[in-house]
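Protein chains in written order, with my numbering: chain H, 3 to 102; chain G, 32 to 314; chain S, 49 to 211. Cβ coordinates follow ideal geometry from the N, Cα and C atoms, glycine included. Model, not experiment: these values are computed from the prediction. Notes follow once the structure below has been shown.
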Amino acid sequence: MKIRAQLQGDVADVKVLMFHPMETGLRKDPVTGEIIPLHFIRRVIATHNGKTVMDAQWSQAVSKNPFVNFRIRGAKPGDKITVNWEDNAGEKASIEATLN
Amino acid sequence: MIPLRRTNPPNSLLVAALVTASLAGPAVASPEQDRATFITLYREKFPSVPLENYVNGALMLSGDAQSQFDSIMEFPPFQGDIDRGRTLWEAPFRNGKTFAGCFANGGHNIAGNYPYYDAVGDKVVTFEMDINRCLRDNGEAEYKFDDKATMGLITAYARTLSDGMAVDVHVEGAAALAKYEQGKKLYFTRIGQYNFACASCHLFNAGKILRTEILSASVGQTTHWPVFRGGDNLNTLHMRYRRCMEQMRASPFPAGGEELNSLEYFQSYLSNGLPMRASVYRK
Amino acid sequence: MKTQPPSGKSSRREFSRALALGSAYVATFAAGWLRPFQSLAAEWNKTAFDAKVLADALKSIGAASVIESDQVQLKAPEIAENGAIVPVEITSRIPDTQTIYVFADKNPQPLVAIFDIAAGLEPFISTRIKMGESSKIRVLVKAAGKFYVATQEVKVTIGGCGG
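Here's what the structure looks like:
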């Protein structure tokens, strides 16, 4: 996962890129010919200084290596922003950025 | 497929001069005259498009497509691949040296000088060839030109070190000119069962729609490689050349071979002055 | 900025608990990768995401009636360069926007994403979605118990040569 957070006045513009195949369960492995199982991020939660500001639920139709951009009000230098995701297989990842 | 052959080029005299020079020789136009001719032809077709936009290929003709590109490039889905390329670039060789030590400026602002003509070996040298020379000089195994996991990834990162650099390719002396002319000849030679030359689509019919695709202009086509098609499929310039040839039902020249090196040399010269930008999204 | 490694089982359980207990739950973790946070929604809305037709998906989220509104702004391509990666940007000017829903009407499952928005977040989301075929992108905004909608037709073509 990668995060870029930029303070513009008191608004933090946060861009996040997650590395995930977002398999639809409809695709065949080009080598084996077998169906690649459904595998996708289904929950994304963003916090600002520990307080949840965005709570997203996703389907497999979010693009591979998902991108999301959101904006947090009332932000200031030193504030911490975290993004956590969990996929349908129970895998998780988390990232934190400090505003400057 | 739409027949393209009966097209009347907008400036037939200029085109006649170009084609005659390239196919019949001796060369009457200098590379600089060629570049001017191409730009004049494109300007007639696209009077409102600034030259620097040509690096965006067919996107320059569609605000809708350009807007998708800009949005995707804000944080491209292939950023992880660029990062892996960086790891390759920065990893020390067994002798402790690195790629940066093989290139002027540590590899910054150099990619726009490729390809160049090497008089000692009488050959066109691409950036990929100098990556391999660096490996060789340091006792490491060379990369295959069409291996996405090595040559693809490392150039996907290493060219970003030249982002914003103006392309500055030189053709000086008769021997260099001969290589340039070889590339130019290939550009104008009809190939394959479809019997199209590069020029058929990308010079004479640039901007027109073939099936669902807008044909891009040849100026600016070499400035942004590798590209990630669909956001995840790395393609080097030579892979793209080969794909183009396959689509014309021609047997493609090898990646990293003399023919495609010369074509790249010719085309890169046409892009002189345009900004480098790696690596980019294409659909 | 740093990325924490994937967790062990214990934090996985705690994550599930955090989700299950909903918005009242404020977790405190002594250690582990997971930052404490509260969730705004209860659980992943399986019924809505599994719905194969738009009407069923709308029903599952409680959107029995929707109001067309130019206060919901949707930026999406007219012709998608590639159906696998369609940029979509949503801005709501409806006061007290709570939730933004994104649908691609003709996808095998039309509901693509739900974004619950807390008070500290601007009612703005930009993301990228997959579209199987030409269809409407439909954005619903939930505010004060009502649903507002904006749509845009997006043409998806399969590239022949590709440039």
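| Query | Result |
| --- | --- |
| Limits of the alpha helix (DSSP H) - the one that S/Pro135 falls within | Taken as a continuous stretch (DSSP letters only), S/Pro135 belongs to no alpha helix (DSSP H), being part of the beta strand (DSSP E) at Val134 to Ser140. |
| Where H/Phe69 falls: helix, strand or coil (DSSP) | strand |
| Residues near H/Asp81 in its chain [Cβ-Cβ closer than 6 angstroms; skip 5 each side] | Asn51 and Leu101 |
| Test: G/Lys239 CB closer than 8 angstroms to a CB of chain S | no |
| Closer than 8 angstroms to chain G by CB, S/Ala161 | no |
| Close beta carbons around G/Asp191, own chain, < 8 angstroms, minus the five adjacent residues each side | In the sequence on display, residue 191 of chain G carries Thr and not Asp. The answer, listed in chain order, is Ile113, Ala309 and Ser310. |
| For H/His41, the residue or residues it bridges with in DSSP | H/Glu25 |
| For G/Gln99, three-class secondary structure by DSSP | helix |
| At least three beta-carbon pairs within less than 8 angstroms, the stretch 16–27 of chain H to the stretch 63–72 of chain H | yes |
| Where H/Trp60 sits in the DSSP three-state scheme | strand |
| Interface partners of G/Gln99 on chain H, CB under 7 angstroms | Simply none; closest approach about 12 angstroms. |
| Close Cβ partners of G/Ala207 (< 6 angstroms) along its chain, the five nearest in sequence each way excluded | Tyr148 |
| Within 8 angstroms, strictly: CB atoms of S/Phe163 and H/Met3 | no |
| G/Gln298 at chain H interface by Cβ criterion, 8 angstroms | no |
| Proximity of S/Val197 and S/Ile115 at Cβ, strictly below 8 angstroms | yes |
| Whole-angstrom distance between S/Ser87 and H/Ile83, CA atom to CA atom | 15 angstroms |
| Proximity to G/Cys133 [Cα-Cα], best of G/Gln110, G/Gly170, G/Arg115 and G/Glu105 | G/Gly170 |
| C-beta neighbour in chain G for H/Arg73, strict 8 angstroms | no |
| Cα-Cα separation, G/Lys239 to S/Ile109 | 46 angstroms |
| Closer than 7 angstroms at the beta carbon, the chain G residues around S/Asn130 | Gly261 and Lys314 |
| Beta-carbon neighbours of H/His50, restricted to chain A and to distances below 7 angstroms | Absent from the structure is chain A; the protein chains it does hold are H, G and S. |
| G/Gln16 burial status per 10 Å Cβ neighbour count (16 or more: buried) | Only positions 32 to 314 of chain G appear in this structure, which leaves residue 16 of chain G out of reach. |
| Neighbour flag for S/Ala90 against chain H, beta carbons, 8 angstroms | no |
| Assigned secondary structure, G/Ala180 (DSSP; H/G/I helix, E/B strand, else coil) | helix |
| Beta-carbon proximity check, G/Lys215 vs G/Phe297, cutoff 8 angstroms | yes |
| Length of the line joining the Cα atoms of H/Ala58 and S/Val150 | 11 angstroms |
| Interface residues of chain G facing H/Arg29 [CB-CB closer than 9 angstroms] | Residues of chain G passing the Cβ test: none, with the nearest at roughly 13 angstroms. |
| Chain G contacts made by the stretch 111–126 of chain S, where a contact means CB separation under 7 angstroms | Pro125 and Glu126 |
| Inter-residue CB distance, H/Arg73 and S/Glu170 (contact presumed, cutoff 8 angstroms) | 4 angstroms |
| H/Ala77, enclosing alpha helix (DSSP H) - first and last residue | Element bounds for H/Ala77: n/a, residue is neither H nor E. |
| Residue nearest to G/Phe77 in terms of C-alpha spacing, selected from G/Leu265, G/Gly111, G/Phe235 and G/Ala205 | G/Phe235 |
| Three-way DSSP call (helix, strand, coil) for G/Tyr145 in this model | coil |
| Same chain, Cβ closer than 8 angstroms to H/Arg29, neighbours up to 5 away in sequence not counted | Ile37 and Ile38 |
| Pair within 8 angstroms by beta-carbon distance, G/Arg221 and G/Arg260 | no |
| Rounded straight-line distance, which links the Cα of G/Phe124 to that of G/Ser102 | 37 angstroms |
| Test: S/Phe135 CB closer than 8 angstroms to a CB of chain G | Here residue 135 of chain S is Pro; the residue named in the question, Phe, does not match the sequence. Yes, because at least one Cβ of chain G sits closer than 8 angstroms to the Cβ of S/Pro135. |
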